[in-house]
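Report on the following structure.
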Amino acid sequence: MRTDTRRLPRSTPESQGISTAAIAAFLDAVERTGAGLHSFMLVRHGHVVAEGWWAPYAPALRHMLYSLSKSFVSTAVGLAVAEGRLTVDDAVVRFFPESLPPTVSDNLAAMRVRHLLSMSTGHDVDVNDAVKNAPDGDWARAFLAQPVQHRPGTHFAYNSAATYMLSAIVQRLAGETVLAYLGPRLLAPLGI
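Written as structure tokens, this is what we have:
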């Protein structure tokens, strides 16, 4: 991970081939949507050409990134596949034998890594609340205990718990956290 305090160099938009007017038009268009930006940074050719924060946010304020973690977890899965640690066709239940419910439904048995990646696990709804509130703290057990109403691959439901399961699979296979796993494979080469 990047531990130095060097900042990316700053530059004018025009010197990097970008119109200042185009950036202003983009920001105006975003504001009209009511999206409520917290911050914005545009980097071109390794130079920051535009940046800003909207109150109460500021550059030094740490910010929860929530769903951005999905990009990192799916990258970790892709790297693990490339290293031959798993395939997208591996059954999810294979990785958690100690956390399986007494009876594994046909739909749960049919759930594959690819279904976690595409949020097509077969759950009717996002099971994240049930998982994060697991009384024993075993999120994998709680995920596997949830009813799988549809055949995996046939029904989409936004499912943050699927991302947790992918992270848990990579952690089991790599013997380290996803962050530690990504360190030498992605973050260090990028200077992060």
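Just so you know, the numbering used here puts 143 at position 154 of the sequence shown, and the rest follows in order with no gaps.
Just so you know, even glycine gets a beta-carbon here, dropped at the ideal spot from N, CA and C.
Here the structure is a predicted model, which means the values were calculated and not measured.
Exposed unless 16 or more other CB atoms sit within 10 angstroms - verdict on residue i
i: residue 220; result: Look at the range of the chain in this structure, -10 to 181, and you will see that residue 220 is not part of it.
i: residue -7; result: Residue confidence is low: residue -7 scores 46 on pLDDT, short of 50, so the model does not pin down where it sits. Its coordinate-derived value is still stated next. Exposed, since its Cβ has fewer than 16 Cβ neighbours within 10 Å.
i: residue 17; result: exposed
i: residue -10; result: Reliability of the predicted coordinates at residue -10 is poor, the pLDDT of 37 falling under 50, and the value obtained from them is presented with this limitation in mind. Classification for residue -10: exposed.
Alpha helix (DSSP H) segment containing residue i, residue limits
i: residue 67; result: 57 to 71
i: residue 130; result: 128 to 134
i: residue 17; result: 9 to 22
i: residue 158; result: 149 to 163
i: residue 102; result: 102 to 106
i: residue 171; result: 167 to 171
Which of helix, strand or coil DSSP assigns to residue i
i: residue 85; result: coil
i: residue 119; result: helix
i: residue 74; result: coil
i: residue 94; result: coil
i: residue 47; result: coil
i: residue -4; result: coil
i: residue 80; result: strand
i: residue 140; result: coil
i: residue 175; result: helix
i: residue 4; result: helix
i: residue -9; result: Per-residue confidence for residue -9 stands at a pLDDT of 40, beneath the threshold of 50, marking its modelled position as unreliable; the derived number appears in the next sentence. Here residue -9 sits in coil by DSSP.
i: residue 99; result: helix
Opening and closing residue of the beta strand (DSSP E) in which residue i lies
i: residue 42; result: 36 to 42
i: residue 114; result: No beta strand (DSSP E) contains residue 114, which DSSP labels as neither H nor E.
i: residue 30; result: 28 to 33
Beta-carbon proximity check, residue i vs residue j, cutoff 8 angstroms
i: residue 153; j: residue 120; result: yes
i: residue -3; j: residue 75; result: no
i: residue 66; j: residue 159; result: yes
i: residue 68; j: residue 174; result: yes
i: residue 105; j: residue 157; result: no
i: residue 33; j: residue 7; result: yes
i: residue 61; j: residue 155; result: no
Anticipated Cβ contact below 8 angstroms, residue i with residue j, distance rounded
i: residue 108; j: residue 137; result: Incorrect: roughly 13 angstroms between the Cβ atoms, too far for contact.
i: residue 146; j: residue 114; result: 5 angstroms
i: residue 90; j: residue 134; result: 5 angstroms
i: residue 31; j: residue 39; result: 4 angstroms
i: residue 28; j: residue 46; result: 6 angstroms
i: residue 111; j: residue 144; result: 6 angstroms
i: residue 149; j: residue 122; result: Contact doesn't hold; Cβ gap of about 13 angstroms is too wide.
i: residue 43; j: residue 26; result: 6 angstroms
Residue-chain proximity (residue i, chain C), Cβ-Cβ < 8 angstroms
i: residue 159; result: Annotation note: the requested chain C is absent from the structure, which comprises a single protein chain.
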